[in-house]
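Enquirer: This is the structure, below, for whatever I ask next.
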Amino acid sequence: MGYRTIVVGTDGSVTASIAQQTAARLARRCRADLVLVCGFGPPKITRPMAEGFAARAADAVRREGVEPRVELGTGEPAELILEVAERHNADLIVVGNKGMGQATRFRLGSVPDRVAHFAPCDLLIVHTSDARPLEGPGTPYRNILAATDGSPTASEAARKALELALLVRAEVTLVFVGDPIVGAIKLEGTAASGPDGVTVRTRVVEGDPAEQICEAAERESADLIVVGNKGMSGPRRFLGSVPNKVAHYSPTDVLIVKTVDRSASDLEPGQGGVVDVDGRTLAVYRDEAGETFTLSPRCTHMGCTVDWNGAERTWDCPCHGSRYDYAGRVIRGPAVRPLEPVGGDGQVPPAEATATSEAPAEALAEIPASVPSRSAERFVIVGASLTGGTAAATLRENGFAGPLVLIGAEPNFPYERPPLSKTFLRGETRYEEALVRPEAFYRDNDIETRLGSTVTRIDPAARTVSVAGGDDVPYDRLLIATGARNRRLPIAGLTLDGVYDLRTFPDAARLRAEIAPGRRAVVGGMGFIGSEVAASLRQRGVEVSVVDGGSVPLERVLGPDVGRTIEAIHRDQGVRMTFGDRLAAFEGEGRVERVVTANGLRLECDFAVVGLGVEPVVDLVAGSGIDVDNGILVDEYSRTNVDGIYAAGDVANHYHPVFGRRLRIEHWQNAARQGRAAALSMLGTGAPYDEIHWFWSDQYDHNLQYAGFHTEWDDLVVRGSLEALNFIAFYMKGGRVQASVSLNRGSDLRASMGLIRAAAAVETGRLRDEAVDLRALEPAAAAAGP
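Each residue of the sequence shown is one higher than the one before, counting from 400 in my numbering.
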């Protein structure tokens, strides 16, 4: 699930203030737009009074890190809220219950009661009877309760509860009211259908459904109940009896999920939607000829349900931003696997060629487009990495039927590394969930895997690669995807037990075994991995001290202003930070007991993590004639200077047409996308690789994203507020956007990529102006020219 537009009413009351605070925190976490609605009608509320209420509410919302839109209007409050929600195509309305804190029969006031019955979207009723604002930072929910009876309505509500829990990092209690045997079966299926990384408890109770749901919420100390509305698909939506009763008697907040029935026959040609198909919730696209393409709606990254984006004709994951085309193929990560086909009238078409009209014709002509002739050749990939695994899958999915060998130094099948410092380290996901493709994929697609095998030499003349302690493997075309390894600096005591670096799954598993509340850790280096490790350790209750040579975290990339913002986030979470210093020694009898810094600081610890950067793995190309300079040099087609040999991912120093220079990028998106691009080049169907590099980092409840590339800048333009932890910063040089960094503004960051690609001058005042749509600046930038 994901909310794009949230509407909340304000009237200056304490009840409204608490509802606004809850709405703002959800908007920040979901990266949604927030619309504040205030009605007026003399003599009770004049327009100046309403303007004052709205201004104060907007200031309060900004303090939560969200920039709201404000709507003023006349009329009954409930009707005004409903009208604004319809006009903005809102997917969530937030209201307070206006409870009076006494033993009245109904706790729901007239305005939320009317909105509940006629809401065109999901409705969150905030329990404000005790008139206490939310305490502390972060999201308002930690323990969510959802009831299910196996019906489509209840299943949809449970699905949203599980996906909301992933977004706000809450636990979920699933409750079945009815027969214990049936309940055990239904609950098992519902729990298994949710996204990865959510802790789920199940309970079976008997009795009146609404009463049992409310009692279970009190018993489980739930702070949110999620129920379906059992809605009807008419112009007015009427609330079912169970959710109506829960809304009135709930001891806590209630999310009423709109679950109006919809089928594939409702879809217009050229449109898609998540609909009911014979009792199953599926993602269905209907093309202009009326044929349907039916897919699993679960994003292959972490299992959230995708939404149809009618404007772009794509499936979008609201949880982490993955995007798929109408047939389920990955357009943008973090997902690397396509949506799983389920069936339908139409067949998923073959992948479209990736050549673009922007590429010079003579350059495209250098790559012959003859996939069938390649199938007689033998392709070898060295590096069972994200890049290598993606390349292998791309080759098979694009028609290559010849021998395909994947060789990896690690004993594991290709997996994604980003979860190692985040969800895996926190114990929220398993190793299997990080695999690029399931192990069976390689067997089923006739991909020979040689894992735990290190390639020591490449012989371009003989067209072979030599495996340590083994034989020579012949190739016709070779892809080097060996990635990078952690730097090992000469620090005394580095080999003591309890001193870790983090690069591989075994590294993460050993480090995770050290984690327990109250233990003490020292983290050396506050780059992206170091800052993510520090955040994950704090979230697991570990006392964390950090030592970094810069003046702020991530100084080289973010600079001092944005870096200080990240520093403040970590300090607020209890991380002790020392800058302008470095690790000098680890001390202890057989196991680390303390860390000594170059400035003489002595930090007692139970374990330590070293994050001092990486270097490309290029040992195997020594003596091969392959050019190396900060990685293996390749052109925009991933080709090295040696015929038939390609390189991609962290190991490749590639020429980038947009930036007009060589880049070696060490991030997830590049590893996956360049792996695909290199595979297509090996097939002869490639195009110049010109992705605008993009990655993100989740730290605590904040989402940091980066796009573009920069090493220096002469101006930093900020839209939003560094202090409110809600902004996008543009790194400028010569009036042009080189890169952008956002905190809790992922949609703005993605919108900025067009400005980076245009490489044209942009007026800084318009970049700062919240009222200016960033996408509207793209044509002006393109017209200005480089």
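Glycine is no exception: its CB is placed at the ideal position from the N, C-alpha and C atoms. Since the structure is predicted, the reported quantities are computational estimates derived from the model, not experimental observations.
#1: So what does Gly472 bridge to, in DSSP terms?
#2: On a CA-only basis, which of Arg876, Arg902, Glu562 is nearest Asp706? Give me that one, please.
#3: Report back the beta-carbon spacing between Tyr1088 and Ala1076 to the nearest angstrom; my notes put them in contact at under 8 Å.
#4: Helix, strand or coil for Leu507 per DSSP?
#5: Distance check for Glu739 and Leu666, CA to CA, integer angstroms please.
#6: Identify every residue that forms a DSSP beta bridge with Asp858.
#7: Report the CB separation of Arg685 from Ala663 in whole angstroms; it is logged as a contact under 8 Å.
#8: Count the other CB atoms, across all protein chains shown, that sit within 10 Å of the CB of Ala891; report buried if there are 16 or more and exposed otherwise.
#9: Within this structure, are the beta carbons of Arg1118 and Ile1127 separated by less than 7 Å?
#10: Ignoring anything shorter than 3 residues or poking outside the segment 652-722, list the beta strand (DSSP E) runs there in chain order.
#11: What first and last residue would you give for the beta strand (DSSP E) that runs through Ser944?
#12: For a test of the three-state rule: what should DSSP assign to Leu878, helix, strand or coil?
#13: Residues bridged to Asp871 by DSSP?
#14: Sorted by chain position, which residues of the same chain lie with C-beta nearer than 7 Å to Ala997's C-beta, five sequence neighbours on each side aside?
#15: Can you tell me where the beta strand (DSSP E) with Asn811 in it begins and where it stops?
#16: Quick one, are the C-beta atoms of Val525 and His487 less than 7 Å apart?
#17: Quick one: measure Cβ to Cβ for Arg886 and Leu1032, integer angstroms, because I've assumed they're closer than 8 Å.
#18: Please report the distance separating the alpha-carbon of Pro467 from that of Leu957.
#19: Do Gly788 and Pro813 have their C-beta atoms closer together than 7 Å?
#20: From which residue to which residue does the beta strand (DSSP E) around Tyr1105 run?
#21: Between the alpha carbons of Thr1039 and Tyr1045, how many angstroms are there, rounded?
#22: Is DSSP giving Ala912 helix, strand or coil here?
#23: In this structure, does DSSP put Tyr725 in helix, strand or coil?
#24: Leaving out five residues on either side along the sequence, give the residues of the same chain with a beta carbon under 7 Å from the beta carbon of Trp1112.
#25: With distances taken between CB atoms, is the gap from Ala553 to Val514 smaller than 7 Å?
#26: How would you write the range of the beta strand (DSSP E) that Lys1132 sits in, first residue to last?
#27: Looking only at C-alpha atoms, which of Pro511, Thr680, Thr445 sits nearest to Thr693?
#28: Looking only at DSSP bridge pairs, what is His1053 linked to?
#29: Classify Phe823 as helix, strand or coil using the three-state DSSP reduction.
#30: Kindly indicate which residue of Glu815, Gly720, Ser865 has the alpha-carbon position closest to the one of Leu1148.
#31: Below 8 Å, how does it come out for the segment 865-881 and the segment 960-974: are there three or more Cβ pairs, yes or no?
#32: Within 10 angstroms of its Cβ, does Val581 collect 16 or more other Cβ (buried), or is it exposed?
#33: State the beta-bridge partners of Thr996 as determined by DSSP.
#34: Apart from the five residues on each side of it in sequence, which residues of its chain come closer than 8 Å, Cβ to Cβ, to Pro767?
#35: Keeping to the same chain, check which residues put their C-beta closer than 6 Å to that of Gly948; ignore five residues upstream and five downstream.
#36: Within a Cβ cutoff of 7 Å, which residues of the same chain sit near Ala907, ignoring the five residues on either side of it in sequence?
Expert: Walking through what the data contain:
#1: Your numbering for residue 472 matches position 73 in the sequence shown. Per DSSP, the beta-bridge partners of Gly472 are Gly438.
#2: What you label residue 706 is simply residue 307 of the sequence shown in a count that begins at 1. The option with the nearest alpha carbon to Asp706 is Glu562.
#3: Here residue 1088 refers to the residue found at position 689 of the sequence shown. Here residue 1076 refers to the residue found at position 677 of the sequence shown. In this structure Tyr1088 is in contact with Ala1076, their Cβ atoms being roughly 4 Å apart against a cut-off of 8 Å.
#4: One-based indexing of the sequence shown puts residue 507 at position 108. Low confidence applies to Leu507: its pLDDT is 47, below 50, so where it sits in the model is not reliable, and the reading given next is rough at best. Reduced to three states, the DSSP call for Leu507 is coil.
#5: Within the sequence shown, the letter at position 267 stands for residue 666. Within the sequence shown, the letter at position 340 stands for residue 739. Rounded to the nearest angstrom, the two C-alpha atoms are 20 Å apart.
#6: By 1-based counting over the sequence shown, the position of residue 858 is 459. In DSSP, Asp858 forms a bridge with Thr863.
#7: Here residue 685 refers to the residue found at position 286 of the sequence shown. Here residue 663 refers to the residue found at position 264 of the sequence shown. Indeed they touch by this definition, with Cβ atoms about 7 Å apart.
#8: The sequence position of residue 891 within the sequence shown is 492, counting from 1. Around the CB of Ala891, fewer than 16 other CB atoms lie within 10 Å, so the residue is classed as exposed.
#9: Along the sequence shown, one-based indexing puts residue 1118 at 719. Along the sequence shown, one-based indexing puts residue 1127 at 728. It is a contact, given that the beta carbons lie within the stated cut-off.
#10: List check, beta strand (DSSP E) in window: 652-656, 670-676, 679-685, 691-694, 706-708, 713-715.
#11: What you label residue 944 is simply residue 545 of the sequence shown in a count that begins at 1. Where Ser944 is concerned, the enclosing beta strand (DSSP E) stretches over 942-947.
#12: By 1-based counting over the sequence shown, the position of residue 878 is 479. Reduced to three states, the DSSP call for Leu878 is strand.
#13: For this step, residue 871 is matched to residue 472 along the sequence shown. According to DSSP, Asp871 bridges with Ser865.
#14: As a working mapping, residue 997 is identified with position 598 in the sequence shown. The residues are Asp980, Arg981, Ala983.
#15: For the purposes of this step, residue 811 is identified with residue 412 of the sequence shown, where counting begins at 1. Neither: Asn811 is in no beta strand (DSSP E) and is coded neither H nor E.
#16: Position 126 of the sequence shown, counted from the start, is the residue given in the question as residue 525. Position 88 of the sequence shown, counted from the start, is the residue given in the question as residue 487. Val525 is not a Cβ neighbour of His487, given a cutoff of 7 Å.
#17: Translated into the one-based positions of the sequence shown, residue 886 becomes position 487. Translated into the one-based positions of the sequence shown, residue 1032 becomes position 633. The Cβ separation is near 21 Å, so there is no contact.
#18: Looking up residue 467 in the sequence shown gives position 68. Looking up residue 957 in the sequence shown gives position 558. Note on geometry: alpha-carbon atoms of Pro467 and Leu957 lie some 26 Å from one another.
#19: Within the sequence shown, the letter at position 389 stands for residue 788. Within the sequence shown, the letter at position 414 stands for residue 813. Taking 7 Å as the Cβ cut-off, Gly788 and Pro813 qualify as a contacting pair.
#20: The residue labelled residue 1105 in the question sits at position 706 within the sequence shown. Taken as a continuous stretch (DSSP letters only), the beta strand (DSSP E) holding Tyr1105 covers 1101-1107.
#21: Taking the first residue of the sequence shown as position 1, residue 1039 is located at position 640. Taking the first residue of the sequence shown as position 1, residue 1045 is located at position 646. Approximately 5 Å between the Cα atoms of the pair.
#22: Taking the first residue of the sequence shown as position 1, residue 912 is located at position 513. Three-state DSSP puts Ala912 in a helix.
#23: Walking along the sequence shown from the start, residue 725 turns up at place 326. If DSSP states are grouped into helix, strand and coil, Tyr725 belongs with coil.
#24: As a working mapping, residue 1112 is identified with position 713 in the sequence shown. Beyond the five residues adjoining it in sequence on each side, Trp1112 comes within less than 7 Å, by CB distance, of Tyr1130, Met1131, Lys1132, Gln1137 in the same chain, given in chain order.
#25: Taking the sequence shown and counting its residues from 1, the one referred to as residue 553 is at position 154. Taking the sequence shown and counting its residues from 1, the one referred to as residue 514 is at position 115. Their beta carbons are not under 7 Å apart, which means Ala553 does not touch Val514 by this criterion.
#26: For the purposes of this step, residue 1132 is identified with residue 733 of the sequence shown, where counting begins at 1. Counting along the chain, the beta strand (DSSP E) containing Lys1132 begins and ends at 1125-1132.
#27: As a first step, residue 693 must be located in the sequence shown, where it is residue number 294. Nearest Cα to Thr693 within the set Pro511, Thr680, Thr445: Thr680.
#28: Here residue 1053 is taken as the residue at index 654 of the sequence shown, counted from 1. Per DSSP, Val1033, Leu1062.
#29: On the sequence shown, position 424 is the one that residue 823 refers to. Under the three-state reduction of DSSP output, Phe823 falls in the coil class, being neither helix nor strand.
#30: Here residue 1148 refers to the residue found at position 749 when the sequence shown is read from its first residue. Of all alpha-carbon atoms in Glu815, Gly720, Ser865, the one lying nearest the alpha-carbon of Leu1148 is that of Gly720.
#31: No, because fewer than three Cβ pairs between the segment 865-881 and the segment 960-974 fall closer than 8 Å, the two stretches do not touch.
#32: Against the sequence shown, residue 581 aligns to sequence position 182. Label assigned to Val581: exposed.
#33: Sequence index remark: in the sequence shown, residue 996 carries index 597 (1-based). Beta-bridge pairing by DSSP links Thr996 to Leu982.
#34: What you label residue 767 is simply residue 368 of the sequence shown in a count that begins at 1. In this prediction, Pro767 scores a pLDDT of 37, lower than 50, which makes its location untrustworthy; the coordinate-derived value is nonetheless stated afterwards. These residues qualify, in order along the chain: Gly1083.
#35: Along the sequence shown, read from residue 1 onward, the residue named residue 948 stands at position 549. Answer for Gly948: Arg981, listed in chain order.
#36: Taking the sequence shown and counting its residues from 1, the one referred to as residue 907 is at position 508. Contacts found: Leu819, Phe823, Leu824, Leu901.
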